[in-house]
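K.L.:
Number of protein chains: 2
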Amino acid sequence: MARERVAEGVKKGYTSSQGLIAQGRGECFDYLIAEKTTASAKEAIKAASAMLLLSKRPALSVNGNVAALVPEEMVALAEELCIPLEVNLFHRSEERVKKIADLLRAAGAKKVLGERPDATVPGLDHARALATRGGIYDADVVLIPLEDGDRCEALVAMGKKVIAIDLNPLSRTAKKATVCIVDNIVRAVPCLTEQIRLLSSLPRSDLQKIVEEYDHKKILQQAVQEIQDNLSRQFQEDLE
Amino acid sequence: MARERVAEGVKKGYTSSQGLIAQGRGECFDYLIAEKTTASAKEAIKAASAMLLLSKRPALSVNGNVAALVPEEMVALAEELCIPLEVNLFHRSEERVKKIADLLRAAGAKKVLGERPDATVPGLDHARALATRGGIYDADVVLIPLEDGDRCEALVAMGKKVIAIDLNPLSRTAKKATVCIVDNIVRAVPCLTEQIRLLSSLPRSDLQKIVEEYDHKKILQQAVQEIQDNLSRQFQEDLE
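Just so you know, the sequences run in chain order V and D. Numbering follows my numbering, with no gaps: position 103 of the first sequence is 231. Numbering follows my numbering, with no gaps: position 92 of the second sequence is 220.
#1: Among the candidates D:Val290, D:Asn358, D:Glu275, whose CA atom is the shortest distance from the CA of phenylalanine 218 of chain D?
#2: Does DSSP put glutamate 243 of chain V in a helix, in a strand, or in coil?
#3: Please state whether DSSP places leucine 295 of chain D in a helix, a strand or coil.
#4: Go through the region 141-200 of chain V residue by residue and report every complete run of the alpha helix (DSSP H) that reaches 4 residues or more, in order.
#5: Output needed for alanine 169 of chain D: all residues of its chain with C-beta closer than 6 Å, excluding positions within five of it in sequence on either side, in chain order.
#6: Is the separation between the beta-carbon of proline 245 of chain V and that of alanine 229 of chain V shorter than 7 Å?
#7: Is there a Cβ of chain D sitting closer than 7 Å to that of glutamate 163 of chain V, yes or no?
#8: Which residues does DSSP list as the beta-bridge partners of alanine 259 of chain D?
#9: Compare the C-alpha of lysine 369 of chain D against each of D:Arg315, D:Gln323, D:Glu155, D:Ala302 and name the closest.
#10: Ordered along the chain, which non-local residues of its own chain (more than five positions away) have a Cβ less than 8 Å from that of arginine 131 of chain D?
#11: Do lysine 184 of chain V and proline 212 of chain V have their CB atoms nearer than 7 Å?
#12: Give a yes or no on whether the minimum CB-CB distance between isoleucine 101 of chain V and chain D is below 7 Å.
#13: Mind listing which residues of the region 284-311 of chain D have their C-beta closer than 7 Å to chain V's C-betas, in chain order?
#14: Hey, is arginine 133 of chain D's beta-carbon within less than 7 Å of any beta-carbon in chain V?
#15: So, using beta-carbon positions, are valine 134 of chain V and serine 145 of chain V closer together than 7 Å?
#16: Please work out which residues of its chain come closer than 8 Å, Cβ to Cβ, to valine 203 of chain V, disregarding the five sequence neighbours upstream and downstream, and give them in chain order.
#17: Got a sec? Which residues, its chain only, sit under 7 Å from leucine 327 of chain V by beta carbon, not counting five neighbours each side?
#18: Specify, as a first and last residue, the run of the alpha helix (DSSP H) that leucine 327 of chain V falls within.
#19: Just how far apart, CA to CA, sit leucine 160 of chain V and isoleucine 173 of chain D?
#20: Using 8 Å for Cβ pairs, my map puts isoleucine 291 of chain D next to alanine 305 of chain D. What's the rounded Cβ distance?
#21: Whole angstroms are fine: how far does the CA of glutamate 163 of chain D sit from the CA of phenylalanine 157 of chain D?
#22: Among D:Gly141, D:Glu207, D:Ala206, which has the Cα closest to the Cα of glycine 192 of chain D?
#23: Of the choices V:Pro250, V:Ile313, V:Ala247, whose alpha-carbon is the least far from that of isoleucine 272 of chain V?
#24: From which residue to which residue does the alpha helix (DSSP H) around leucine 217 of chain V run?
#25: Can you pull out the residues from the region 212-234 of chain V whose beta carbon lies closer than 8 Å to at least one beta carbon of chain D?
#26: For the alpha helix (DSSP H) holding leucine 283 of chain V, just list the boundary residues, first then last.
#27: Helix, strand or coil for valine 269 of chain D per DSSP?
#28: For the alpha helix (DSSP H) containing valine 371 of chain D, list its first residue and its last residue.
#29: Grouping DSSP H, G and I as helix and E and B as strand, with all else coil, what is isoleucine 211 of chain D?
#30: When you compare each of D:Thr321, D:Val284, D:Val339, D:Gly242 to valine 190 of chain D by their alpha carbons, which one comes out closest?
#31: Distance, Cα to Cα, serine 329 of chain V vs threonine 166 of chain D?
#32: Does any residue of chain D have a CB that is nearer than 7 Å to the CB of leucine 359 of chain V?
#33: Kindly list the residues whose CB is nearer than 8 Å to the CB of glutamate 200 of chain D, restricted to its own chain and excluding five residues on each side of it in sequence; keep chain order.
#34: Answer yes or no: does any C-beta atom of chain V fall closer than 7 Å to that of valine 317 of chain D?
#35: Sort V:Leu148, V:Val198, V:Glu136 by Cα distance to threonine 321 of chain V and report the nearest one.
#36: For the beta strand (DSSP E) containing valine 307 of chain D, list its first residue and its last residue.
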């Protein structure tokens, strides 16, 4: 189903054909974690939720594959946090930005940024660097689902806390992020929204404790271990 | 480069858009084996070479991704074995079969089968089952690069020895095949042709010994272990 959504996105012009290859890579990694939200991903989601709740100016980035896969889910997350979504593309074209913004508005988004960027993220090519004041540009915490390593690093270099969603625990994005949720975006985004709802009544001190206790490297290590364990298990189970 | 070739194949109409997703999945698994032909893959290539040299009627199957990625290499392999190539598609259309056959002829293929199939492989949907007498249909050994599990199983059920090239050692294709080369087709096919050349002067008894000593399950287990080791290594190396 995810595959059909991305193929549909390519057909309608809001996902690039590179997005299909990215989808295939994602399928492979998802298969390696048995297509389930792992224990380490749940820890990461909890830390990400606390971080977003503590944030003064959180921002949510949306690219072509995110728009294809989880438009309603991203809108629900934005609603829960009472913030806009911001369209941000690797292969930027004004037409694609508009298509994605329209798609998000059709999915119920009240405010979508990214059509009129007014600032640039230092250290990136101009088209990649475009961002919006009041959105990603001056956010203190940014959620970047399915983002590349360069952009992740550039946002971290600006002093932001970056929450990535990336199925590859070895990717540069995963490693450079402040928190990385190693999970399929289709499962991770609703889970994140639900967790934010659950944690929203906690006092700030409890949220701070969750963030402080989160160990990024340990969680990534655990994600790698989960893949290794799963490879062994699948191999044993299936081979007669 | 491989990615561009597949994208080009989609544009020219001989690769399906599903082929782009398959390419992405392949990239992920190739990354997991550090984009190198592993020790276990070399063993599999050796066994496959001996099996093809011992075969009375070997056949070589070509689909859209194979045609996009290694047209000249498949022609060179066919030349080395003095046999034709046979076009065989998952999403068969007469137009795509013709485009692929033309592509292979342009790459130097002397004889290409598959445009006029005259037999069916039992146990598959009609379009998937089509095969050619003198080619895959009555072959004793069939090479199926990048093939799905159903077709692999159906060919094995006909009593054929099946050599797969598949980057996923857990796939049904890998498990059901007689020999599976867990490697990128771009590296594996030239390596196979070279190995056949090297082994072609050996007496049949030596070739038989190579085939007998090959342990399919052990080699697949080794491929899984190589992925696990590589995950640990990459994780350690890259994370500061």
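Where a beta carbon is used, it is the ideal one built from N, C-alpha and C, also for glycine.
P.N.:
For this structure:
#1: The residue among D:Val290, D:Asn358, D:Glu275 with its C-alpha nearest the C-alpha of phenylalanine 218 of chain D is D:Glu275.
#2: Coil at glutamate 243 of chain V, not helix or strand.
#3: Coil, per DSSP.
#4: If only uninterrupted alpha helix (DSSP H) runs of at least 4 residues are considered, those enclosed by the region 141-200 of chain V are 145-160, 167-182, 192-197.
#5: Excluding residues within five positions, the ones whose Cβ falls inside 6 Å are Ile309, Val310, Asp311.
#6: With respect to alanine 229 of chain V, proline 245 of chain V sits apart: the two C-beta atoms are not nearer than 7 Å.
#7: So no, glutamate 163 of chain V is outside the interface.
#8: Among the bridge pairs identified by DSSP, alanine 259 of chain D is matched with D:Ala247.
#9: Since the first residue of chain D shown is 129 and the last is 368, residue 369 of chain D is not available in this structure.
#10: Around arginine 131 of chain D: Gln151, Glu155.
#11: Going by C-beta atoms, lysine 184 of chain V is not nearer than 7 Å to proline 212 of chain V.
#12: In the structure as shown, chain V starts at 129 and stops at 368, and residue 101 of chain V therefore has no counterpart that could be examined.
#13: Flagged, chain order: Leu298, Lys303.
#14: Proximity of arginine 133 of chain D to chain V, defined by a Cβ-Cβ separation below 7 Å, is not satisfied.
#15: In this structure, valine 134 of chain V keeps its C-beta atom at 7 Å or more from the C-beta atom of serine 145 of chain V.
#16: The answer, listed in chain order, is Leu213, Leu232, Ala235, Gly236, Ala237.
#17: Cβ within range, chain order: Ser177, Ala178, Leu181, Leu335.
#18: Here the alpha helix (DSSP H) through leucine 327 of chain V covers 313-327.
#19: In this structure, the straight-line span from the alpha carbon of leucine 160 of chain V to that of isoleucine 173 of chain D is close to 25 Å.
#20: Going by Cβ atoms, the distance from isoleucine 291 of chain D to alanine 305 of chain D rounds to 7 Å, so yes, they are a contact pair.
#21: Roughly 9 Å separates the two Cα atoms.
#22: Ranking D:Gly141, D:Glu207, D:Ala206 by Cα distance to glycine 192 of chain D puts D:Gly141 first.
#23: Check the Cα spacing between isoleucine 272 of chain V and each of V:Pro250, V:Ile313, V:Ala247: the tightest is with V:Ile313.
#24: From DSSP, leucine 217 of chain V is part of no alpha helix (DSSP H); its letter is neither H nor E.
#25: For the region 212-234 of chain V, the set of positions with a beta-carbon nearer than 8 Å to some beta-carbon of chain D is empty.
#26: Boundaries of the alpha helix (DSSP H) around leucine 283 of chain V: 277-285.
#27: DSSP places valine 269 of chain D in strand when its eight states are reduced to three.
#28: Only positions 129 to 368 of chain D appear in this structure, which leaves residue 371 of chain D out of reach.
#29: Three-state result, isoleucine 211 of chain D: coil.
#30: For the residues D:Thr321, D:Val284, D:Val339, D:Gly242, the minimum Cα distance to valine 190 of chain D belongs to D:Gly242.
#31: Between serine 329 of chain V and threonine 166 of chain D, the C-alpha separation is close to 53 Å.
#32: Taking Cβ atoms only, chain D reaches closer than 7 Å to leucine 359 of chain V, which makes this a yes.
#33: The beta carbon of glutamate 200 of chain D sits closer than 8 Å to those of Ala235, Gly236, all from its chain and outside the five residues before and after it, given in chain order.
#34: Chain V has no Cβ within less than 7 Å of the Cβ of valine 317 of chain D.
#35: Nearest C-alpha to threonine 321 of chain V: V:Val198.
#36: For valine 307 of chain D, the enclosing beta strand (DSSP E) starts and ends at 307-309.
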